[in-house]
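K.L.:
The structure under discussion is supplied below as structure tokens; questions concerning it will follow.
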Amino acid sequence: MTAPTPNACDARPAFSFEVYPPKSVAAASALTRTIDHLAAAGPEFISVTYGANGSSRNSSLDVLRYIKDHTSVDAMAHLTCVGSSHTEASRLIREFLDAGIRSFLAIRGDAPQGADEGDTTFLGDLHSAGELVQLIHRVQIERVPYIETVIPGLPGARGVKTERSKVRIGVAAFPNGHPNSRSVTQDIDTLLAKQAAGANLAITQLFFHADDYLSFIQRARSAGVLLPILPGIMPVTSPNRLRRILQLSGEKLPAELSIQLEVEPTDEGQRQIGIDYAVRLGQDVLAGGAPGLHLYAFNQHDTVLKVLEGCGALPVPAAMP
Numbered sequence: 001m002t003a004p005t006p007n008a009c010d011a012r013p014a015f016s017f018e019v020y021p022p023k024s025v026a027a028a029s030a031l032t033r034t035i036d037h038l039a040a041a042g043p044e045f046i047s048v049t050y051g052a053n054g055s056s057r058n059s060s061l062d063v064l065r066y067i068k069d070h071t072s073v074d075a076m077a078h079l080t081c082v083g084s085s086h087t088e089a090s091r092l093i094r095e096f097l098d099a100g101i102r103s104f105l106a107i108r109g110d111a112p113q114g115a116d117e118g119d120t121t122f123l124g125d126l127h128s129a130g131e132l133v134q135l136i137h138r139v140q141i142e143r144v145p146y147i148e149t150v151i152p153g154l155p156g157a158r159g160v161k162t163e164r165s166k167v168r169i170g171v172a173a174f175p176n177g178h179p180n181s182r183s184v185t186q187d188i189d190t191l192l193a194k195q196a197a198g199a200n201l202a203i204t205q206l207f208f209h210a211d212d213y214l215s216f217i218q219r220a221r222s223a224g225v226l227l228p229i230l231p232g233i234m235p236v237t238s239p240n241r242l243r244r245i246l247q248l249s250g251e252k253l254p255a256e257l258s259i260q261l262e263v264e265p266t267d268e269g270q271r272q273i274g275i276d277y278a279v280r281l282g283q284d285v286l287a288g289g290a291p292g293l294h295l296y297a298f299n300q301h302d303t304v305l306k307v308l309e310g311c312g313a314l315p316v317p318a319a320m321p
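Quick note on UniProt numbering: the sequence shown kicks off at 1 and runs consecutively.
Here you go:
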């Protein structure tokens, strides 16, 4: 799978989004409107998260089907190893494939709340994202072992093609290291293993400084990682959101952003600070050679679209007469 490339006509950067399943009827209605706005911007794909142990299985599939049926954008399904047997995981992958999904983000997944990260029994039969990548490919092969083709000039005759439709399988990358990683070398080795398993795209965990991403890319390329690695960028529009993000990700506190958000008294001012910070980050990684941008949208379209506009990925709106 080649890296996403900007449209040759306008040379704007490629981009993609992540959303999560809604938790209420009202949120579901709002999300469809958000997806419509995001899709209209022309992303490479929109990914939909998936809860541990299948906690959002049905709602994730509903969102994926909406993207597939109501937009022209590729829908990417998240899959995790947590709590799945081989049989259960294979059944879920087949269900997504039967629904027309051809893009996946394969991640190991976090331990359920209260579980011991050292005790990996919570993972089920699949112990790594690499194993999940291999399983996706295997299910795809078993599901469509060959394709019959018509032989010109021979009515009723059929030929057999073993070439199947390709699936896009993304994996996670960690510029500042996975929380359970023992070293930077281990993070690179893990990414190499995912590539060897058949992954053809990587998306990074969030980061707050361009050098975190760019230095990670340099190390990865030197080690032999060839797949495109999209920088994951999350606009942080309030002090509370920043604290929550740091708690979940284990990232270090970005002092400059934190101070600006804390001293700004208005919600609108904080939102603008978060947008401006994300724009600068996006511009810097694109200038450093990033193949595109992946935006964590928090199920809202206006903020991430403003970031893309500032990064030159969207046409600047025409001035009102």
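Cβ coordinates follow ideal geometry from the N, Cα and C atoms, glycine included.
Would DSSP call D36 helix, strand or coil?
P.N.:
D36 falls in the helix class under three-state DSSP.
K.L.:
Could you give the distance in angstroms between the alpha-carbon of H178 and the alpha-carbon of R12?
P.N.:
H178 and R12: Cα-Cα distance of roughly 31 angstroms.
K.L.:
At what residues does the alpha helix (DSSP H) containing D267 begin and finish?
P.N.:
Unbroken alpha helix (DSSP H) run through D267: 267-287.
K.L.:
Would you kindly work out how many angstroms separate the C-alpha atoms of P254 and F208, rounded to a whole number?
P.N.:
Roughly 6 angstroms between the two C-alpha positions.
K.L.:
Determine the burial state of L261: buried for a count of at least 16 other Cβ atoms within 10 Å of its Cβ, exposed for fewer.
P.N.:
Its Cβ being crowded by 16 or more others within 10 Å, L261 is buried.
K.L.:
Alpha carbon to alpha carbon, how far is P231 from T87?
P.N.:
Cα to Cα, the separation comes out at about 33 angstroms.
K.L.:
Give me the Cα-Cα distance between S60 and T71, rounded to the nearest whole angstrom.
P.N.:
In a straight line, the C-alpha of S60 is about 16 angstroms away from that of T71.
K.L.:
Please tell me whether L192 has its Cβ less than 9 angstroms away from any Cβ of chain C.
P.N.:
The structure shown contains no chain C; it holds only a single protein chain.
K.L.:
How close, in whole Å, do the beta carbons of H37 and L305 come, if the pair is a contact with beta carbons under 8 angstroms?
P.N.:
Confirmed, Cβ separation roughly 7 angstroms.
K.L.:
According to DSSP, is F15 part of a helix, a strand, or is it coil?
P.N.:
Strand at F15.
K.L.:
Rounded to a whole number of angstroms, what is the C-alpha to C-alpha distance between L64 and A75?
P.N.:
C-alpha separation (whole angstroms): 6 angstroms.
K.L.:
For the putative contact between G312 and S16, defined by C-beta atoms under 8 angstroms, what is the C-beta separation to the nearest angstrom?
P.N.:
That pair is no contact at about 16 angstroms.
K.L.:
Just the C-alpha distance for L286 and G42, rounded to the nearest angstrom, thanks.
P.N.:
Taking the straight line from one Cα to the other gives about 18 angstroms.
K.L.:
Throw me the rounded Cβ distance for the Q270 and T303 pair, which I believe falls under 8 angstroms.
P.N.:
With a Cβ gap of about 11 angstroms, Q270 and T303 do not count as contacting.
K.L.:
Starting from R168, trace the alpha helix (DSSP H) both ways and give me its first and last residue.
P.N.:
From DSSP, R168 is part of no alpha helix (DSSP H) but of the beta strand (DSSP E) over 168-173.
K.L.:
What did DSSP end up calling D74 once you bin it into helix, strand or coil?
P.N.:
The answer is strand: DSSP assigns D74 an E or B state.
K.L.:
Compare the Cα-Cα distances from F21 to each of V73, H78, G198 and report the closest residue.
P.N.:
As written in the sequence, residue 21 is Pro, which differs from the Phe given in the question. Comparing Cα positions, the closest option is H78.
K.L.:
I think Y213 touches P175, with their Cβ atoms under 8 angstroms apart; what is that distance to the nearest whole Å?
P.N.:
The Cβ separation is near 5 angstroms, so the contact holds.
K.L.:
Could you give the DSSP three-state label for G292: helix, strand or coil?
P.N.:
In this structure, G292 counts as coil in the three-state DSSP scheme.
K.L.:
Could you tell me which of G282, V48, D62, T204 sits nearest to V25, measuring between CA atoms?
P.N.:
When each option's Cα is compared against that of V25, the closest is D62.
K.L.:
Do G288 and K194 come within 9 angstroms of each other at the CB atom, strictly closer than that value?
P.N.:
Going by C-beta atoms, K194 is not nearer than 9 angstroms to G288.
K.L.:
Can you give me the Cβ contacts of M234 inside the same chain, cut-off strictly under 6 angstroms, excluding the 5 residues immediately before and after it?
P.N.:
L206, Y296.
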